[in-house]
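Student:
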Amino acid sequence: MKKQDKDWIELTIVTSSQAVEIVSAILYNTDVQGIAIEDSKDVEFQKKNKGDWDYFDETLLNIKEGAVIKAYYREDENFPKYLKYIEDSVENLEQFGFDKGEGLVTASKVNEEDWENNWKKYYKPAKVGEKIVIKPIWEEYQNSSEDIVLELDPGMAFGTGTHETTRMCIESLEKYVKEEDVVFDIGTGSGILAIAAAKLNAKKVIGVDLDEVAVDSAKKNVAINELNNIEIIHGDLMEVVKGKANIIVANIIADIIILLSKGVKKFLEKGGHFISSGIIKERKEEVVDALKENGFKIKEVKEQGEWVCVVASL
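Heads up: the sequence shown begins at 378 in my numbering, then just goes up one per residue.
(1) Under 8 Å by Cβ, that's how I've got Gly649 and Ala622 pegged, so tell me the actual separation to the nearest angstrom.
(2) For the beta strand (DSSP E) that contains Lys679, what are its first and last residues?
(3) Should Glu528 and Lys508 be called a contact, given that it needs their Cβ atoms to be closer than 8 Å?
(4) Is Leu691 helix, strand or coil when you go by DSSP?
(5) Of the choices Lys643, Ser466, Gly474, whose alpha-carbon is the least far from that of Lys661?
(6) Thr543 by DSSP, collapsed to three states: which one?
(7) Which residues bound the alpha helix (DSSP H) around Val665?
(8) For Ala667, which residues of its own chain have a beta-carbon under 6 Å away from its beta-carbon, when the five flanking residues on both sides are left out?
(9) Would you tell me roughly how many angstroms separate the C-alpha atoms of Arg544 and Asp558, rounded to the nearest one?
(10) With DSSP as the reference, please indicate the residues paired to Ser654 in a beta bridge.
(11) Using a threshold of 8 Å, state whether the C-beta atoms of Ala413 and Leu470 are closer than that.
(12) Return the Cβ separation of Leu614 and Ile572 in integer angstroms, given the expectation that the two are a contact with Cβ distance under 8 Å.
(13) Under three-state DSSP, which class holds Tyr450?
(14) Going along the chain, which unbroken runs of the beta strand (DSSP E) with 3 or more residues stay wholly within the segment 495-528?
(15) Using three-state DSSP, classify Ser393 as helix, strand or coil.
(16) Between Lys580, Ala689, Asp586, which lies nearest to Glu616 when the distance is taken from Cα to Cα?
(17) Report yes if the C-beta distance between Ile446 and Ser401 is below 8 Å; otherwise report no.
(18) Short of 8 Å in beta carbon distance, which residues of its chain neighbour Glu670, apart from the five on each side in sequence? Order them along the chain.
(19) Can the beta-carbon of Gly480 be found closer than 8 Å to that of Glu468?
(20) Inspect the beta-carbon positions of Ile652 and Val685 and report whether they are closer than 8 Å.
(21) Could you check whether Tyr405 and Asp593 sit closer than 8 Å to each other, using their CB atoms as the reference points?
(22) Taking the straight line between their C-alpha atoms, what separation do you get for Lys679 and Glu608?
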């Protein structure tokens, strides 16, 4: 590799914990090559749940309230337009009900080796729910007999810990997945929820995502975990998946969940569960109302931090 190929641009966005996932979604609309997240909410979770962590980096205690997102880009002719798009999108977050925090966006050059060595220290094994442990592939973890270990290469998205929305989805999957169940994971991303469902002995799991990079990442993680009951598909659930599931999980954002509430029941067996998260507290009632209006019964509403997970059934 030539030296210039090792030079990257590191984009730093200082925002609120509430805005972490929406800012990440904004970055995914560009040709971002990697994202690292330092979130004060994750630090607070670690401090309160030290027994659930195989490793705790005390330097993270210096993170003040809010979040710092670092995104990495090749230095090319497209970066200026990406930067403008990101700056404008962060500036306009409050118009969509998100606290932008400082809303500061800065860029600097960084060497690839520095990036590769720095971000891994923020991604360590974490126990989520009662049994599931999320473990990056480069880390050691001494698991107990009850642990269900998910090996992950986080690829494009990683942070100091598992985000509240993901934790609540995994906790819900632990509660509702049964051995003969079929599970659909909408917006599968790294495949973490699909893999969790498969490890919880679902009969068949289908993960779908509109992002080809996410699909590649999910397929890689499925292979790492040596699972043969998962299929990862590129596209929209409504267009590329046939048949019905006993459980559908979607960790996205409130607006998409509201849209899904109209059509997703066609893909859900009678008595099945729709687990939805990525919902900020301020949008909880909108999501609950939309689900009720479209024939769902609300089974459970969970909250962690600024986030909500709704479990609804037919």
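Cβ atoms here follow ideal geometry from the backbone N, Cα and C, with glycine treated the same way. All figures in this text were calculated on a predicted structure; none of them were measured in a lab.
Tutor: Let me spell this out:
(1) Here residue 649 refers to the residue found at position 272 of the sequence shown. Here residue 622 refers to the residue found at position 245 of the sequence shown. Sure, about 6 Å apart at Cβ, within 8 Å.
(2) Here residue 679 refers to the residue found at position 302 when the sequence shown is read from its first residue. Lys679 -> beta strand (DSSP E) spans 674-681.
(3) For the purposes of this step, residue 528 is taken as residue 151 along the sequence shown, with counting starting at 1. For the purposes of this step, residue 508 is taken as residue 131 along the sequence shown, with counting starting at 1. In this structure, Glu528 lies away from Lys508, with their beta-carbon atoms at least 8 Å apart.
(4) Residue numbering aside, residue 691 sits at position 314 when the sequence shown is read from its first letter. Coil at Leu691, not helix or strand.
(5) Along the sequence shown, one-based indexing puts residue 661 at 284. For Lys661, the nearest C-alpha among the options comes from Gly474.
(6) Mapped onto the sequence shown, residue 543 falls at position 166. Three-state DSSP puts Thr543 in a helix.
(7) Residue mapping note: residue 665 aligns to position 288 of the sequence shown, counting from 1. Counting along the chain, the alpha helix (DSSP H) containing Val665 begins and ends at 661-670.
(8) As a first step, residue 667 is located in the sequence shown; it is residue number 290 there, counting from the start. Closer than 6 Å at Cβ, skipping near neighbours: Ile635, Ser638.
(9) Counting from 1 along the sequence shown, the entry for residue 544 is found at position 167. Counting from 1 along the sequence shown, the entry for residue 558 is found at position 181. Each residue's Cα considered, the two are about 21 Å apart.
(10) Walking along the sequence shown from the start, residue 654 turns up at place 277. According to DSSP, Ser654 bridges with Asn628.
(11) As a first step, residue 413 is located in the sequence shown; it is residue number 36 there, counting from the start. As a first step, residue 470 is located in the sequence shown; it is residue number 93 there, counting from the start. No, the Cβ-Cβ distance between Ala413 and Leu470 is not below 8 Å.
(12) Stepping through the sequence shown from its first residue, residue 614 is reached at position 237. Stepping through the sequence shown from its first residue, residue 572 is reached at position 195. With 8 Å as the limit, Leu614 and Ile572 do not qualify as a contact, their Cβ atoms being about 18 Å apart.
(13) For the purposes of this step, residue 450 is identified with residue 73 of the sequence shown, where counting begins at 1. In this structure, Tyr450 counts as strand in the three-state DSSP scheme.
(14) The beta strand (DSSP E) runs lying completely inside the segment 495-528 and spanning 3 residues or more are 503-505, 509-513, given in chain order.
(15) To locate residue 393, count along the sequence shown from 1; it is residue 16. In this structure, Ser393 counts as coil in the three-state DSSP scheme.
(16) Position 239 of the sequence shown, counted from the first residue, corresponds to residue 616. Residue Asp586 is the option with its Cα nearest to Glu616.
(17) Within the sequence shown, residue 446 is the residue found at index 69, counting from 1. Within the sequence shown, residue 401 is the residue found at index 24, counting from 1. It is a contact, given that the beta carbons lie within the stated cut-off.
(18) Sequence index remark: in the sequence shown, residue 670 carries index 293 (1-based). Closer than 8 Å at the Cβ level, and outside the excluded window around Glu670, lie Ser638.
(19) The residue labelled residue 480 in the question sits at position 103 within the sequence shown. The residue labelled residue 468 in the question sits at position 91 within the sequence shown. Yes. Within cutoff.
(20) Counted from its first residue, the sequence shown places residue 652 at position 275. Counted from its first residue, the sequence shown places residue 685 at position 308. Taking 8 Å as the Cβ cut-off, Ile652 and Val685 do not qualify as a contacting pair.
(21) To locate residue 593, count along the sequence shown from 1; it is residue 216. To locate residue 405, count along the sequence shown from 1; it is residue 28. With contacts defined as CB atoms closer than 8 Å, Asp593 and Tyr405 fail to qualify as a contacting pair.
(22) By one-based count along the sequence shown, residue 679 stands at place 302. By one-based count along the sequence shown, residue 608 stands at place 231. Per the coordinates, the alpha-carbon of Lys679 lies some 28 Å from the alpha-carbon of Glu608.
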